[in-house]
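Visitor:
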Amino acid sequence: MVPVNYYIALSAILFIIGAMGVLVRRNALIIFMSVELMLNAANVALVAFSSANNSLDGQIFVFFIMTVAAAEVAVGLALIVAIFRSKNSINVDEINMLKG
Amino acid sequence: MTVDLILFLILAAVAIATALGMLLSRNAVYSALFLVLNFATVAVFYLLLGAPFIALTQVTVYAGAIMVLFLFVIMLLGTEELPKGEGLNWQKPMAVILAVVLMVEATFLIFVQEPVADLISNSPSADFGGPRAIGELLFSRYLLPFEVTSILLLVAMVGAIVLTLNKKEGGQK
Amino acid sequence: MDFELLPNLVTFFPLVGVLILFFIKPDNKVLVRWVALATSLATFGISLVLLQNFDASNPALQMVTNLPWITVANWNISYYMGVDGLSILLILLTTFLTPIALLSTWSAIEEREKDFNIFFLMLEVGMLGVFMAQDLFLFYVYWEFTLVPMYFLIGIWGGPERIYASIKFFLYTMAGSLLMLLAILWLGINQGTFAVPDLIALGGIPAGIQTWLFLAFAIAFAIKVPMWPLHSWLPDAHVQAPTAGSVILAGVLLKMGTYGFVRFNLPLFPEAAVKFAPIMAGLAVVGIIYGAIVSYYQRDIKKLVAYSSISHLGFVMLGLFALNSQGIQGGILQMINHGLSTGALFLLVGMIYEQTHTRDFDVYGGLWKIMPVYGTIMLVVTLSSMGLPGLNGFVGEFTILLGAFGSEAIGSAWYAGLSAIGVILAAIYMLYMYQKIFLGPEGSIVETVKEHGHALRDLSVREIITITPLLVFIFWIGLYPKPFFALIAPTVDNLVAVLQAAMH
Amino acid sequence: MNFSEAANTGLFFQLAPLLVFLPLTGMLINMIFGGKMSEKAVGTVASLASGSAFVVSVLLAYSLNAVHGELHTIPFAEWIHIGTLQLDWTFRVDSLSTVMMLVVSGVGTLIHIYAIGYMHEDVRFKDDIKRFRRFFVFLNLFIAMMMILVSGDSYLMLFVGWEGVGLCSFLLIGFWYDFDTLGQKSTANAEAGKKAFIANRVGDFGFLLAIFTTFWHFGSLQFDSVFEAATAHPDPVVISAITLFMLIGVTGKSAQVPLYIWLPDAMAGPTPVSALIHAATMVTAGVYLVVRSAPLYSLVHSASYIVAMIGAVTALFAATIAVGQYDIKKVLAYSTISQLGFMVAAVGMGAYVAGIFHLATHAFFKALLFLSAGSIILGMERGHHHLAHGHGDHDDADAHHDEEVFDPGDMRNMGNLRKQMPITFWLYMAGTLALAGIFPFAGFWSKDEILLDAKLHAEHFPGVYWLLSLAAFMTAFYMGRQIWMVFFGKERTEVAKHAEESPPVMTVPLMVLAVLAVFGGALNLPFDGFHNLGHWLEYTIGHVEGLPLDLGVAGISTVLALLAIFFSWLLYGKNPLKEGQPDPLKKPLGFLFTGMENKWFVDEGYKALVITPFEKLAKFLSIDLDWNFWHDWFHDSVLYAGFKWLAKFLSEPVDMGIINAIADKLAEWTQRSSESLRRMQNGFVRSYALSVLLGVVTILGYLLFK
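Protein chains in written order, with the working numbering: chain S, 1 to 100; chain H, 1001 to 1173; chain Y, 2001 to 2504; chain L, 3001 to 3706.
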């Protein structure tokens, strides 16, 4: 018997760790992984609520998130490959062409 | 303290630990492997939460397909480790501070302001979260979004191919 | 042929000429002149057909075109054209004066003749539209439309101060028009229609509001007339405008103001008209005397004629605000008379100016001996302007003064009595002008012109042709005005009935 | 149908419009074809036109007599019809208008003939032969206008003619518009014409007001309807107003005090003009108007008295001036004014027959006098010409002009002319005696009738008789003075010695006039069974008491006249004036004579009181008020400069200082802040992510702790 709170807390911790990954790492691939981690954190929360509310909708949602995540990763990795080809680096700090 | 709770705490500790491992590893390959471990842990959570279908999907799609893709790209580009650079010096402390603040806020939200006292029963109905139930729901109520995801995947696939096409070599279309 | 559409044809026919002119090379001056002249003559011809189909005994609007034009929300603006006794003579005057004015430009305008003719024909469209429009909004559109060509006529082909004069002309008229536009909008929105006949039929505007509407219209028209003291733009515009411009300005454009009074102010706001009659008559009298005295002291021929217009139009205004048949009919006839006489005066002044390039009195003198035909024609025109019996001016002035003398609305014979002094003053300044130019020993200008290698000549055949039609009408109206009165009488009688009702 | 039948059935009345159109035809012929016609032909056409009008007048008079003076109106054309205003051109043939027609066309024709000779020479002296034709064009136009005036059946038609003759007067006074009376280049003649027109216009102004008042009170302008309405409802105020307004017209047209000033200047016109227009016909229009309006004047005594007094005062006033004049025509001009005063006084007193009688005889003898004076002036001119060309070279025209200006009309230059111009002398004598009122000349009868009326009505019109008698005395005196100065004594200049008699074309019409001047009194002899004119006019103005000859009045006036002539002989005849000698009256009369000589300074008075103030007013209004103040100052300084100031104010302190500054500061601030904010946009994805997180934290914090 685990309170939902705990799951949510876990989800939050994972999410924050993911966010930290996005913020502190320079490697585009790791940033990407952190994003995946954040998605996962959200998924945890959703499944927990689903279970608590005894409703499958949350799980369906998770399913869709996974689909989107898969698509995102496919495109994202393709982008990273493309960037690497032109910049020869995947250090996001070296990619600042949008500087104002 | 029940068995469930103990199990939860252990798994949670593992999940956090792997997540931190992903975060802190210098080598991207290690990070990826830590993440796989994390995803697997989370899949276990799903099982505990009565979502067997999602749990397995998690293992196959995330821990399997996606992370393999990651590893593949890491290997392909040969960027396991970035050279040390100056980077944004103020970024890190700011990020930590914000993370802490966010953590505090989350804690306050979860445990003080809106504590959800519900307990998650460990014995859900037999078919809850099973492939059949999910399937029925997907093909009835969520049919349209489901179909849309197919298009999304198609677009993503095409996008990935177009982006990675090597134009310099006048590659074939 | 459907004669109902004639007013539209008359109004827009000059555009045909404009269209043709667009395709003529500006260098081909002869063709440009002839096309413009032929167009204006054709317009005159069509207006004669209009006259032929005009039923003089019918006081109502005739040959009406009434189409919905803009109907947004509760605005009912229509394209409403028609002719009645108030406007028929002015329409004819316009179509009559335009070819004459154009003919006078053949030697006077040397630059950009094509543009000049195009502007002139467009001006004719505007003027005709003003006299035909029966919808307030449509009227306003035409009213403002006339400003633009005239602005350019003065501003491009005028004298040395043309820019100042043209801008002053434009601003003055514009300023007044805006008030009128407000009044028009008020009427159109509150009464639910912009059509003048409908508005007259509806009536029922409260007296207090009538006062304001009357004033808004009156200021716009008074500036155009111009009534004293709003006349300051006139000398500038007249002096600077080219001859043909002055002819049209004095002949027709000023009449738009007086026409506005009789077409809109009197029938739309009869109570206010009755109330304001003494004030308007008073201003008219001041204008008559003031204009006459000021004319006397001018040293520039054109300026003298310009100021005399103020005096003459004072008579028109006095007649209109007598609010009885004699006054109003005399006033309308006097509009025509002034158009003919002053138009002729400007033409004649322009003719001598072409030879001498000066309008300063002091250098003239004794020209009658050198230019007997010119002197005689000028004498006739001068006398007509002075109101000598047997010429057109007298018929108008006499009926106006007679009407004003016994006018119930004005309420006192003093107004007419004082304005009769204007008759004396007219003799003083007109004879003064005539004497300065034609009598006495030869002026220095004769020598000056000789020094430039050519002698002063009498009028050329073209000039005589230009001026003769005006003379014919000067005599005709003076000797036998009956057909002219017959055209305006029924409509005016209707109007007077409305005003009489408002008076009691 | 024979002649008398036509007369009896009134057929001839239909000819009335010809009175106007015959002269007009003559005018048009001369105007259009005159350029190619000889002078004789031009003159003949014009004289025929006028003469045929005389024939028509005679026919009309004859027919009228045949139908016993019954009024005939001949509608001719509709003119102005508006509502109740019905104005037509209708001819009116009654005994009064026929008298006028006869006088106008009769005297007019004689003067036309005379003018053929006169103008022939005049245009040569003035060196502008082309103007010969123009003269006859104007003269015919004048006859036509005068006919409109006397034959009109309404006040309006009378007014039309009234204005028309004014125009002709203007044109003919200014006929030599580029000269002065001495033949020097000047605007003087033109000015004189203008003066006449304007003075007449002042009168017309009064007449117009009279017309308006008449119309609005009596509803018509047709004579009979007006009189009917007036007698039906005699409102003294209205009728006084009408008659007094009309009087203004009369003083203008008939040269009465105070508007007479134009007539002496009108002598600038050629002499036939002075005779025809400014002595015989046009100036009598005022008298005609009063007689025509007799039914109105007889209704209000006060108005009549004012008319009579104005006439009497004018008669005396002008006579005094005539005494002090040296120009032969000026003397006659003032004499005309004075005689017009007699007529006006007569008609003012209701002595209409006497007035019209004097009008007719005056037309005869004054025309005679003027024309004779013209003959004298031309005679002098001939002498002058003869001398100039006798001494110098024929072609030396310039030298001729450089000579001392010679005034052929100045009586001081004349003397003993009866030797050189005997015919003219006798003709002039006839005219003089008629004017002086010597028995049995025409003037005696008519003037006596006026004096008799004045005596009889002295109760109602006190003072008139004495004024008129005094004026009659003066008349005889100045005419005597003239005769002695012109025809007797010694020639005072060379020119006078060489003066030449005029040709028959001029003298023959004079003889006809002289006969009329001598026997004109027969028109209305004051004996029972005569009174022809009186009876004739009775048809129109009602019963007239034919006054018998009053020996007392006639005796006094004759004695006065003879006495005056005797005095003039004493002063001017016994010791003829020497060359350069001042007038012998100057000493005894002193400043009085200076006044007479200078026309009592009336012109100067007008100049000071009317003309100068008017010009000052005109200057003030046009230069100061209208131009400097209203046009320049108000529009340029107030409106334009005000607008400019406002525009400047709005643009500099307000727009630039406030609104623009706000905008500028805003932009500057934005720029500065964006300058610093720009650094945030550093292009580093992670920084953006940090911002997002910051946002999340902040929003969450806000939601949590709000």
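Idealized CB from N, CA, C, for every residue including glycine.
1) Going by DSSP in three states, P1131 (chain H) sits in which element: helix, strand or coil?
2) If the criterion is Cβ atoms closer than 7 Å, does the pair I3239 (chain L) and V3300 (chain L) meet it?
3) Between L3704 (chain L) and chain S, is there a C-beta pair that is closer than 7 Å?
4) Mind listing the chain H neighbours of A9 (chain S)? Cutoff is C-beta to C-beta under 8 Å, in chain order.
5) Among residues of its own chain, excluding the 5 on either side of A3196 (chain L), which ones have a beta-carbon nearer than 8 Å to its beta-carbon?
6) What residues from the stretch 3670-3697 of chain L come within 7 Å of chain S, judged by C-beta to C-beta, listed N to C?
7) Check whether the Cβ of Q1091 (chain H) lies closer than 7 Å to any Cβ atom in chain L.
8) Please confirm whether F1139 (chain H) has its beta-carbon closer than 7 Å to some beta-carbon of chain S.
9) Express the C-alpha separation of I2091 (chain Y) and S2309 (chain Y) in angstroms, rounding to a whole number.
10) Going by beta carbon distance, what residues of the same chain come within less than 7 Å of H3401 (chain L), once the five residues before and after it are set aside?
11) Excluding sequence positions up to five away, which residues of its chain have a Cβ less than 8 Å from the Cβ of D3398 (chain L)?
12) Leaving out five residues on either side along the sequence, give the residues of the same chain with a beta carbon under 7 Å from the beta carbon of G2375 (chain Y).
13) Using the beta-carbon of each residue, which ones in chain S are nearer than 7 Å to I1074 (chain H)?
14) Suppose only complete runs of 4+ residues qualify. What are the alpha helix (DSSP H) ranges in the stretch 2115-2175 of chain Y, listed by chain order?
15) K3185 (chain L) versus chain Y: which residues are under 7 Å apart at the beta carbon?
16) What's the C-alpha gap between L3296 (chain L) and S2057 (chain Y)?
17) Given a cut-off of 7 Å on the beta-carbon distance, is the pair G3424 (chain L) and S3372 (chain L) in contact?
18) Under the rule that 16 or more other beta-carbon atoms within 10 Å means buried, what is F3601 (chain L), buried or exposed?
19) Is the CB-CB distance between I2508 (chain Y) and F3205 (chain L) below 7 Å?
20) Is any heavy atom in the ligand MN found nearer than 6 Å to the beta carbon of L2340 (chain Y)?
21) Determine the DSSP secondary structure at K3185 (chain L), reduced to helix, strand or coil.
22) Leaving out the 5 sequence neighbours to the left and right, which residues in its chain are closer than 8 Å to R2457 (chain Y) when beta-carbon positions are compared?
23) For a cutoff of 7 Å on Cβ pairs, would you count T1018 (chain H) as touching chain S?
24) What are the start and end residues of the beta strand (DSSP E) that includes F3091 (chain L)?
25) On the DSSP letters alone, give me the boundaries of the alpha helix (DSSP H) that F3477 (chain L) sits inside.
26) Measure from the alpha carbon of L3110 (chain L) to the alpha carbon of each residue in L:F3365, L:D3407, L:Q3420, then state which is nearest.
27) Identify which residue in L:T3243, L:A3279, L:Q3339, L:V3353 has its Cα closest to the Cα of A3303 (chain L).
28) Measure from the C-beta of T1060 (chain H) to each C-beta in chain S and report whether the shortest distance is under 7 Å.
29) If the cut is a Cβ gap below 9 Å, which residues of chain L does L1098 (chain H) touch?
30) Along the stretch 61-83 of chain S, what residues have a CB closer than 8 Å to any CB found in chain H?
31) Of the residues that make up the stretch 2270-2302 of chain Y, which ones have a beta carbon closer than 7 Å to any beta carbon in chain L?
32) Is there a Cβ from chain S that is less than 7 Å from the Cβ of G1130 (chain H)?
33) Run down chain L in chain order and give the residues with a C-beta less than 7 Å from the C-beta of M1022 (chain H).
34) One question on the structure: do L1005 (chain H) and M1022 (chain H) come within less than 7 Å of each other, judged by their Cβ atoms?
35) Tell me, which residues are paired with M2081 (chain Y) by DSSP?
36) So, using beta-carbon positions, are V62 (chain S) and L39 (chain S) closer together than 7 Å?
Guide: For this structure:
1) helix
2) yes
3) no
4) A1106, T1107, I1110, F1111
5) G3166, S3169, F3170, I3173, W3262, L3263, D3265, A3266
6) R3678, Q3681, N3682, G3683, F3684, V3685, R3686, A3689, L3690, L3693
7) yes
8) no
9) 20 Å
10) Bear in mind that the predicted position of H3401 (chain L) carries a pLDDT of just 47, short of 50, making it unreliable; the figure below should be weighed with that in mind. Result list for H3401 (chain L): empty, nothing under 7 Å.
11) Note that D3398 (chain L) scores 44 on pLDDT, short of 50, meaning its location in the model is unreliable and no value can be drawn from it.
12) L2367, W2368, F2438
13) L29
14) 2136-2157
15) P2441
16) 39 Å
17) Sequence inspection shows Thr at residue 3424 (chain L); the Gly mentioned does not correspond to that position. For T3424 (chain L) and S3372 (chain L), yes; Cβs fall inside 7 Å.
18) exposed
19) Since the first residue of chain Y shown is 2001 and the last is 2504, residue 2508 (chain Y) is not available in this structure.
20) No copy of the ligand MN occurs in the structure displayed, which carries no ligand at all.
21) strand
22) Q2355, M2371
23) no
24) 3085-3093
25) 3464-3487
26) L:F3365
27) L:T3243
28) no
29) L3690, L3693, L3694, V3696, V3697
30) V62, F63, F64, M66, T67, V68, A69, A70, A71, E72, V73, A74, V75, L77, A78, L79, I80, V81, A82
31) Y2290, I2293, V2294, Y2296, Y2297, Q2298
32) no
33) Simply none; closest approach about 17 Å.
34) no
35) Y:T2065, Y:A2133
36) no
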